[in-house]
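Counting with the numbering used here, you get residues 2 to 344 for the letters of the sequence shown. Step one of this worksheet: look at the structure below.
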Amino acid sequence: MNALIPFLFAFFAAYLSTPLLKKIAIKFNVVDIPDHRKIHGNPVPLLGGLAVYIAVITGLLFDLTVLRLMSGILAGGTIILLIGLVDDVRGLSAPVKLAWQFIAVSIMIYLGVRISFLPNNLIGDTGEVVLTLIWVTGITNAVNYLDGIDGLAAGSAAVSALFFAIISYLTNQPHIGFIALILIAGCLGFLPHNFKKAKIFLGDAGSTFIGFMLAGIAVSGNWAEDNVVSLSIPVLILGVPIFDMTFTTIMRIREKKISTVVEWLNYGGKDHFHHRLIDLGLHPAGAVFFIYFVIIALGISAVIISNAKGTFEGIWAILQAAIIFGAIAVLMVIGGRRRSGWG
């Protein structure tokens, strides 16, 4: 109940600011132009991510203690948002964006937010910093890559954040649960303007900001007493963007579409999870709900093992996720073959 009013304020902050941001985007020609990699047919205004950011700030102002505790995530997220805005307005090269993402994560780490499970020594500390850099930049970009169908990125993020909020409640971490709820409110407030025949897109600013926030929430939490189980929970909740990035990278290398890191950063194609579901015959909205259900299934597994007493439950949960994604990978390969005309 203490979070209800901030949740509502954050929701309406996003819902009411989105039409205004749409007008601003149109006025200054900040729009997404259709091309062969995209499924929309007409230019669509960007800047929707600003609505989510405004919502998050609005909600956090109701609890300055949480704002202080989460300042590292918010500081890094603000940098990510600003770099994304520059990219949406003027365009930036992939290496430049990646460099700024490393800077944003470094600031977050400097402010005390990082993975913490290795031994407390120089090697362990260095390993935790490196893993935090890889994890946060990876999730940030993975959520961005998932932003390819109306309602997918914002809706998926809301579902993932819901499971972080649930487990935060079960593990007595109210500050993390609070920021997760505020992120949900921002995504849900934006979603009516973005779902099915979107009137406005998140833009790179919005999708990377949301991805950074989810990655930061995952790093901040103490999800279980056992390290293996603790690590498996955020991996399960964010399993879809992790799988999408991993699978598309493997397939692009296998199909010789990319051969260097720069090519990987710059490559764009209609070969992501959602694209391949559409190739299988699903309507775009159907593909979105299919992905929602996969996230829910994995999230339920994460909730079940959040109070696990040993590594056994975590290992089984990861195995279950691997089987689910193995089946999905088969569907994705079939979808790719159908698109190329030899299935």
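All C-beta atoms in this analysis are idealised placements derived from N, C-alpha and C, irrespective of residue type, glycine included.
Item                                                                                                                                                                                : Value
Chain C beta carbons: is any one of them nearer than 9 Å to that of Ile185?                                                                                                         : Among the chains in the structure shown there is no chain C, since it carries only a single protein chain.
Residues in its own chain within less than 8 Å of Phe152 by CB, not counting five upstream and five downstream?                                                                     : Position check: residue 152 holds Gly in this sequence, whereas Phe was assumed. Taken in chain order, the residues that qualify are Leu192, Asn195, Phe196, Lys197, Ala199, Ala286 and Val289.
For Gly113, which of Ile74, Val97, Thr127 and Pro44 has the nearest alpha-carbon?                                                                                                   : Ile74
In its own chain, which residues sit with a C-beta less than 7 Å from the C-beta of Ala216, not counting the 5 before and 5 after it?                                               : Trp136, Val137, Ile140 and Thr141
Does the stretch 183 to 191 touch the stretch 325 to 337, meaning 3 or more C-beta pairs lie closer than 8 Å?                                                                       : no
Buried or exposed for Leu5, please, with buried defined as at least 16 other CB atoms from any protein chain shown within 10 angstroms of its CB.                                   : exposed
Mind checking Lys24: buried by the 16 CB within 10 Å criterion, or exposed?                                                                                                         : exposed
Considering only C-alpha positions, which residue in the set Leu163, Phe13, Phe202 and Ser231 is nearest to Val31?                                                                  : Phe202
Can you round the beta-carbon distance between Val144 and Ala159 to whole angstroms, since I take them to be within the 8 Å contact cut?                                            : With a Cβ gap of about 12 Å, Val144 and Ala159 do not count as contacting.
Pick helix, strand or coil for Pro120, following the three-state DSSP scheme.                                                                                                       : coil
Is it buried or exposed, Tyr111, if we count other Cβ atoms within 10 angstroms and call 16 or more buried?                                                                         : exposed
Taking 7 Å as the limit between beta carbons, can you name the residues of its chain near Gly204, skipping five residues before and five after?                                     : Leu47, Leu48, Gly49, Gly50, Gly85 and Asp89
Would a C-beta distance cut-off of 9 Å place Leu182 and Gly77 closer than the cut-off?                                                                                              : no
Out of Leu83, Asp126 and Pro44, which one is the CA nearest neighbour of Tyr54?                                                                                                     : Leu83
Which value, in whole angstroms, describes the spacing of the CA atoms of Ala212 and Leu134?                                                                                        : According to the sequence shown, residue 212 is Gly rather than Ala. One C-alpha to the other measures close to 13 Å.
How is the alpha helix (DSSP H) around Ile297 delimited, first residue to last?                                                                                                     : Pro285 to Ile306
Please confirm if the stretch 120 to 128 is in contact with the stretch 288 to 302, defined as three or more CB-CB distances below 8 Å between the two stretches.                   : no
According to the neighbour-count rule (16 or more other Cβ atoms, all chains shown, within 10 Å of its Cβ), is Arg115 buried or exposed?                                            : buried
Using 9 Å as the threshold, is the C-beta distance between Ile259 and Thr250 below it?                                                                                              : yes
Would Trp343 be called buried (16 or more neighbouring beta carbons within 10 Å of its own) or exposed?                                                                             : Summary for Trp343: the model assigns pLDDT 46, below 50, so the residue's position carries little reliability; its value from the coordinates is reported in the next sentence. Trp343 should be labelled exposed.
Within the same chain, show all residues whose beta-carbon is closer than 7 Å to that of Phe179, passing over the 5 residues directly before and after it, in chain order.          : Ala4, Asp64 and Val67
Inspect the beta-carbon positions of Leu184 and Met214 and report whether they are closer than 9 Å.                                                                                 : yes
So for Gly344, helix, strand or coil by DSSP?                                                                                                                                       : Bear in mind that a pLDDT of 42 at Gly344, under 50, signals an unreliable position, so the number given afterwards is only what the model happens to contain. Coil, per DSSP.
Kindly list the residues whose CB is nearer than 7 Å to the CB of Gln321, restricted to its own chain and excluding five residues on each side of it in sequence; keep chain order. : Ser302
Taking Asp205 as part of the alpha helix (DSSP H), name the residues at either end of that continuous run.                                                                          : Gly204 to Ser221
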